[in-house]
Amino acid sequence: MLSLVWWHAQRLERSPPPISLRALFNVCMLKARAGLSQEMQALSDDELLSRSEFHPQWQRWLSYSAWEKQAEIRKSLVLHLPSDFRKRELRRLEAHRMPRAGRWLGVIPAARHLQLENLEARDYFCFYFGVPPLPVRADSFVPVSNISECPPIHCWLTNAKGKQCEEDFRGLFDHPFSCKTRGRVVEHNALRNALRNEIATLGFAVDPRESWEESLAHTGPGARGHSDAHLDIRIEDLGEGAAVVDVKYTSVTAAGAMKRGSVLAHVNQEERIKFGDHRSRYRITDSDGRHTTQLHTFAAIFTTFGGWSKGAMKLVRTLGAESGRSTQRLVDRIAILIARIGARRLRASIGPRSSSFSQSQSQ
Ligand SMILES: [Zn+2]
2 MLSLVWWHAQ RLERSPPPIS LRALFNVCML KARAGLSQEM QALSDDELLS
52 RSEFHPQWQR WLSYSAWEKQ AEIRKSLVLH LPSDFRKREL RRLEAHRMPR
102 AGRWLGVIPA ARHLQLENLE ARDYFCFYFG VPPLPVRADS FVPVSNISEC
152 PPIHCWLTNA KGKQCEEDFR GLFDHPFSCK TRGRVVEHNA LRNALRNEIA
202 TLGFAVDPRE SWEESLAHTG PGARGHSDAH LDIRIEDLGE GAAVVDVKYT
252 SVTAAGAMKR GSVLAHVNQE ERIKFGDHRS RYRITDSDGR HTTQLHTFAA
302 IFTTFGGWSK GAMKLVRTLG AESGRSTQRL VDRIAILIAR IGARRLRASI
352 GPRSSSFSQS QSQ
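Start counting the sequence shown at 2; every next residue gets the next number (our numbering).
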């Protein structure tokens, strides 16, 4: 970890100095003044900021511009990285801009299920902010110039029968999230259960078992041979009628996701694969574009960095509107759960600490 921090520090020195807060403030004030009346324009900055009607606006302009600037600075720093890491790191930063991706950092740990253990918090911090939880180099603090200089790390993840993964990986811990030996069933089920329980808590009738839906069954080309579609959650009374939800936990830095144009393109594609058209996994229209189901469908995709898909956002908006109750508990719970399952997976892939230590010593 130290070597990467060192390496980042070296890069930082070479980058242009960040813009001063005063300069940023002036830019924001200038923007904020643009739409004001003559009378307001005449006021000084201090007088303007003391007016209550001005508050919501200047706060938004100030914070928005500040974060836009920060995003630009970070992006320009990433462009100095060796090419093996550049695209991956841009994807990580982009993933932070997905809806709700930063939520876990703002959750008040008021209940036990909203608290991360120390090691969980540390591991997820590492992953979220792009610092490997193990050294990328064991022998020196010299920055790596390509991924082959990072020592290989053996993956300790196992399948349901206890068979261990045979792959080694290097660098930034993306393999553990797309490890084929382990799969992502455990994480998927944890998210599905939390979502299902929270939907029931909001007062909706939810069947605790899986739901089989004939109207969504895929019988066309590429059908998987089932007569009924198998969905994660069914809500009997969501507004106009019954709704089904299918959940996915997806890695936006896995090899497959990196081939797509952007994080958003990947997440949108994952939604289309679930409920899109007659070629999707769960068919909602036939090849002529006619609807084959009365069910409302929601694809709730959650990324390893905590971002939510459009379908997941829409589901929670609908739940809030139909129940007339706050969905904050649901959102907080999912945010912390994503951090916890990510951290657990990372830690499990490293294996017993003594083994990873001697391994990096021997490299
Ligand atoms: Zn593996």
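From the three backbone atoms N, C-alpha and C, an ideal C-beta is built for every residue, glycine too.
A quick note: this is a predicted structure, and the numbers were derived from the prediction, not measured.
- The shortest C-alpha to C-alpha distance from G103 to any of G352, D333 and I342 is the one to D333.
- Look at E188: its beta carbon is at least 7 Å from all of the heavy atoms in ligand 1.
- In the three-state reduction of the DSSP assignment, T159 falls in the strand class.
- For the pair S212 and P152, the Cα-to-Cα distance works out to about 46 Å.
- When rounded, the separation of the alpha-carbon atoms in V317 and Q39 is 43 Å.
- Going down the chain, each residue whose beta-carbon is closer than 6 Å to a heavy atom of ligand 1 shows up: C156, L158, C166, E168, H176, C180 and T182.
- In the DSSP annotation of this structure, V187 is not part of any beta strand (DSSP E); the continuous alpha helix (DSSP H) holding it starts and ends at V186 to T202.
- Contact check for A244 against F299 passes: the beta carbons are separated by less than 8 Å.
- Using a Cβ-Cβ distance cut-off of 8 Å, the stretch 192-206 and the stretch 264-273 are not in contact, since fewer than three pairs of beta carbons, one from each stretch, lie closer than that value.
- The C-beta distance from T293 to D287 rounds to 5 Å, short enough to meet the 8 Å contact threshold.
- By the C-beta density criterion, H267 is buried, having at least 16 other C-beta atoms within 10 angstroms.
- Counting along the chain, F303 sits inside the beta strand (DSSP E) bounded by residues H297 to T304.
- As summarised for the stretch 79-163, the continuous alpha helix (DSSP H) elements at least 4 residues long and confined to that stretch are 84-97 and 119-129, given in chain order.
- Annotation for H267: the continuous alpha helix (DSSP H) segment containing it runs V264 to K275.
- Here K275 is near R282, since their CB atoms are less than 8 Å apart.
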